[in-house]
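Below: one structure, written as C-alpha cells.
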C-alpha cells in the first residue's frame with residue numbers, strides 16, 4: 033500500500049531515469065539517422081555542383097562530343113538524344129499505362145484484377161538490367177543498335193510507374209462525380225472519358241513527369257542497345273543515339289581526368305533536370321491531393 | 284407520332300454508340316492490361332531462351348562454378364553470387380536500421396514543417412540517378428574510404444576476416460564501397476514505406492500506451508514497431524530487391540574482379556554488374572549465353588523477392604507499400 037502514499041516522491045527512481053535516458057537515446061538516434069540521409073544527399077549534390085559547374089559553359093552545352101584524347105568538346109548530342117529517347121518512351125508508355133489503370137480501377141472484375149495488378153507490381157520491381165538484356169536479346173542481338181530499342185526499354189521502366197500513379201489519382205476522384213454521371217444516364221465510357229479522366233488529368237501529368245525524371249537517369253536499358261555512338265547529333269531513332277547516362281558511365285570509367293570533368297558537368301545537367309522535374313511534380317502532387325480532398 | 288419515333292430513333296442510335304463505345308474502351312484497356320501480363324512472361328521466356336546454350340552445357344553446376352574463362356569456354360556464377368550476397372548484406376545491415384529510424388523521426392518526432400522538408404529530401408535522394416551516384420562513388424566516396432576508412436577498419440576490426448585488407452588492396456573499388464552505395468539507394472525506399480506504415484497505426488493505440496505511462500520510445504517499441512512487423516518486412520524485402528538488381532552504380536565502384544575472397548576491401552562483381560561489365564567484350568556465343576544465364580538467375584531471385592513482398596503486402600493489407 034505504501035506505493036499509493038502521495039507522500040512518496042514522484043521524482044523518478046533509478047528505473048524511471050533509465051527509461052527516460054533510453055527514450056532520449058532513441059530520439060537522438062532517429063534524429064541523427066534523418067540528418068545522415070540529408071547529409072548524404074547534400075554531399076552528392078554539392079560534389080556534382082562544385083565539380084560540374086567549373087566545366088559548364090554555353091559552348092559545352094552546344095558543341096558536339098569531344099574528339100578522343102583531345103580537349104574541348106561538348107554535350108549537345110547527349111541532350112538531344114536523351115530528350116528524343118525519353119520522349120518516345122513517354123509516347124509509348126503514357127497511353128498504355130493510363131489504359132491499364134482505367135481497366136484496373138473501372139472495369140476489372142476481382143479475379144481479373146489481381147493477376148494484372150500483380151504483373152504491374154512485379155514490373156515495378158524488375159531490375160532495369162533485366163529489361164536491358166531482354167530488349168538486347170529481342171531486338172538488337174545480331175542487328176544494329178538503335179534508339180528505338182532504347183526507348184522501348186525506358187518505356188518498360190516507365191509503364192508500371194505511370195500505371196500506379198494513375199490508379200492512385202483515379203481512386204481519388206470523388207465517387208459522387210462517377211455516380212452523378214451514371215444517374216444522368218451517361219454510359220461508362222462517357223463517364224470515364226468525359227468526367228473521370230479530365231478531373232484526374234493533373235495527377236496523371238505529375239505521375240508522368242515523375243516517371244520521365246526516373247527514365248532520364250536510367251542507364252542500363254540504354255547501355256546495350258544505344259551505347260556506341262558518334263560525336264554528332266542524331267535525330268533518327270533508327271540509329272544509335274548519344275545520351276547522357278551512358279556517356280556519364282563511359283566517362284566515369286575512363287582514366288583521363290579530362291573525361292572525369294566532363295562526366296561531372298554532364299551529371300550536373302542531368303541531376304538538375306531530374307531534381308527540378310521531381311520537385312515540381314511532388315509539389316503539384318501535394319496541391320492536387322489537397323484539392324481532391326485528401 | 285412522328286416526333287416520338289424520331290426521338291426513339293435518336294435514342295436508339297445513341298444507345299448503340301454507347302454500347303459500342305463501352306465495348307471499345309473495355310477492349311482497349313483490357314488488351315493493354317493483357318500486354319502487361321504478357322510482357323512479364325515474354326521477358327522470362329526470352330531470357331531463358333537466350334541462356335539456353337549455357338543452360339544445356341553447364342546445367343545447375345553453373346551456380347557453383349568459380350571460373351569465367353573465355354579461352355577454356357568455362358563459365359560459372361559463384362563469384363557473382365558471392366558478390367551479390369556480400370554487397371546486399373552490407374547494404375541491408377546499414378540501410379535497415381537507418382531507414383526505420385528515419386521513418387520514426389518523420390512520423391513521430393519531427394514537427395510538421397521539418398517533416399515535410401526532410402521527408403521530401405529523403406525522397407529526392409531516391410530520385411538521384413544511379414549513374415550519378417556511381418560517379419560520386421568512384422571519384423569521391425571510393426578514395427575517401429581508401430584514404431581513411433580501410434586503414435582504420437583493418438587496424439581495429441582486422442581480426443574479423445572480412446575487415447582484414449590483403450596487401451595491395453586499398454579499398455577504393457571494392458565490395459565495401461559497392462555495399463555503401465547500395466545502402467544509399469535502399470534507405471529512401473525503406474524510409475518512405477515505413478513512414479506510411481507508422482502513420483497508419485491507429486492513434487488510439489499510441490495514446491493508450493502513452494496514457495499508461497510509457498515513454499515515447501516504449502510506445503514506439505511496444506505499439507508502432509510491433510504492430511507494423513509484416514509491413515517492415517515487406518519494406519526491407521522491396522529494398523533488398525532494389526539492391527539485388529542495381530547494375531550501373533555497382534559496376535562503376537566494384538572493380539570487376541571475378542573471384543571469391545574474404546576481404547571486403549578487394550574488388551568483386553555482382554550478378555548485375557557482371558552483365559554490365561562483360562557485355563561489350565562478349566565474343567563467343569557461349570559467353571553471351573552465360574551472361575543471359577546470370578540474368579536468368581537474377582530474374583528468378585528478383586521475382587521471388589518481389590513476390591514474397593507482394594504476398595506480405597496483400598496478406599496483411601500493408602499501407603503505402605503498393
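Protein chains in written order, with our numbering: chain V, 33 to 326; chain X, 284 to 605.
Quick reminder that beta carbons are idealized off the backbone N, C-alpha and C, glycines included.
The structure presented is a predicted model; accordingly, all values stated were derived computationally and were not measured.
From residue i to residue j, what does the alpha carbon distance come to, in whole angstroms?
i             : j             : result
residue 45/V  : residue 57/V  : 18 Å
residue 599/X : residue 505/X : 19 Å
residue 90/V  : residue 72/V  : 30 Å
residue 60/V  : residue 490/X : 22 Å
residue 605/X : residue 146/V : Confidence at residue 605/X is low in this model, with a pLDDT of 46, below 50, so its placement is unreliable and no value can be given for it.
residue 326/V : residue 319/X : Annotation note: pLDDT 47 at residue 326/V (below 50); position unreliable, coordinate value reported separately. Computed Cα separation, rounded: 30 Å.
residue 340/X : residue 578/X : 16 Å
residue 375/X : residue 149/V : 27 Å
residue 232/V : residue 203/V : 9 Å
residue 100/V : residue 87/V  : 17 Å
residue 304/X : residue 222/V : 8 Å
residue 484/X : residue 596/X : 15 Å
residue 565/X : residue 174/V : 13 Å
residue 85/V  : residue 77/V  : 11 Å
residue 379/X : residue 470/X : 7 Å
residue 135/V : residue 47/V  : 59 Å
residue 129/V : residue 154/V : 15 Å
residue 247/X : residue 443/X : Residue 247/X is absent from the model: chain X starts at 284 and stops at 605.
residue 312/X : residue 116/V : 27 Å
Leaving out the 5 sequence neighbours to the left and right, which residues in its chain are closer than 8 Å to residue i when beta-carbon positions are compared?
i             : result
residue 493/X : 499, 502
residue 80/V  : 296, 299, 300, 303
residue 313/V : 238, 239, 241, 242, 245
residue 445/X : 545, 546, 547
residue 138/V : 202, 220, 224, 228
residue 364/X : 346, 554, 580
residue 537/X : 366, 370, 456, 457, 458, 460, 461, 550, 551, 552, 553, 556
residue 305/V : 245, 248
Spatial neighbours of residue i within its chain, please: CB distance less than 6 Å, with the 5 preceding and 5 following residues excluded, ordered by chain position.
i             : result
residue 209/V : 227
residue 592/X : 517, 520, 521
residue 570/X : 353
residue 290/V : none
residue 256/V : 164, 168
Along the chain, where does the alpha helix (DSSP H) containing residue i start, and where does it finish?
i             : result
residue 136/V : Run containing residue 136/V: none; DSSP gives neither H nor E here.
residue 562/X : Counting along the chain, residue 562/X falls outside any alpha helix (DSSP H), and DSSP gives it neither H nor E.
residue 437/X : 433–440
residue 485/X : No alpha helix (DSSP H) holds residue 485/X; DSSP gives it neither H nor E.
residue 160/V : 160–167
residue 365/X : 361–387
residue 173/V : Here residue 173/V belongs to no alpha helix (DSSP H), and DSSP marks it neither H nor E.
residue 336/X : 335–341
Do residue j and residue i come within 9 Å of each other at the CB atom, strictly closer than that value?
i             : j             : result
residue 481/X : residue 509/X : no
residue 576/X : residue 334/X : yes
residue 241/V : residue 316/V : yes
residue 326/X : residue 168/V : no
residue 337/X : residue 573/X : yes
residue 551/X : residue 159/V : no
residue 349/X : residue 543/X : yes
residue 181/V : residue 191/V : no
residue 311/V : residue 411/X : no
residue 270/X : residue 69/V  : Look at the range of chain X in this structure, 284 to 605, and you will see that residue 270/X is not part of it.
residue 468/X : residue 534/X : no
residue 583/X : residue 474/X : no
residue 316/X : residue 126/V : no
Suppose the cutoff is 7 Å on Cβ atoms and the five residues either side in sequence are ignored; what does the same chain contact list for residue i look like?
i            : result
residue 92/V : 106, 107, 297
Contact check, residue i vs residue j under 8 Å by CB: the rounded distance?
i             : j             : result
residue 273/V : residue 258/V : 5 Å
residue 185/V : residue 254/V : 7 Å
residue 559/X : residue 247/V : Residue 559/X to residue 247/V, Cβ: 18 Å. No contact.
residue 198/V : residue 320/V : Their Cβ separation, rounded to whole angstroms, is 13 Å, which puts residue 198/V and residue 320/V out of contact at 8 Å.
residue 112/V : residue 244/V : No, residue 112/V and residue 244/V are not in contact; Cβ-Cβ is about 16 Å, not under 8 Å.
residue 261/V : residue 531/X : Actually they do not touch by this definition, with Cβ atoms about 18 Å apart.
residue 370/X : residue 553/X : 6 Å
residue 418/X : residue 284/V : 5 Å
Does the Cβ of residue i lie closer than 8 Å to at least one heavy atom of the ligand ZN?
i             : result
residue 328/X : For the ligand ZN, the structure offers nothing, since it holds no ligand at all.
Against residue i, what residues of chain B qualify as contacts under a CB-to-CB distance less than 7 Å, listed in chain order?
i             : result
residue 114/V : Judged by its chain identifiers, the structure shown contains no chain B, and its protein chains are V and X.
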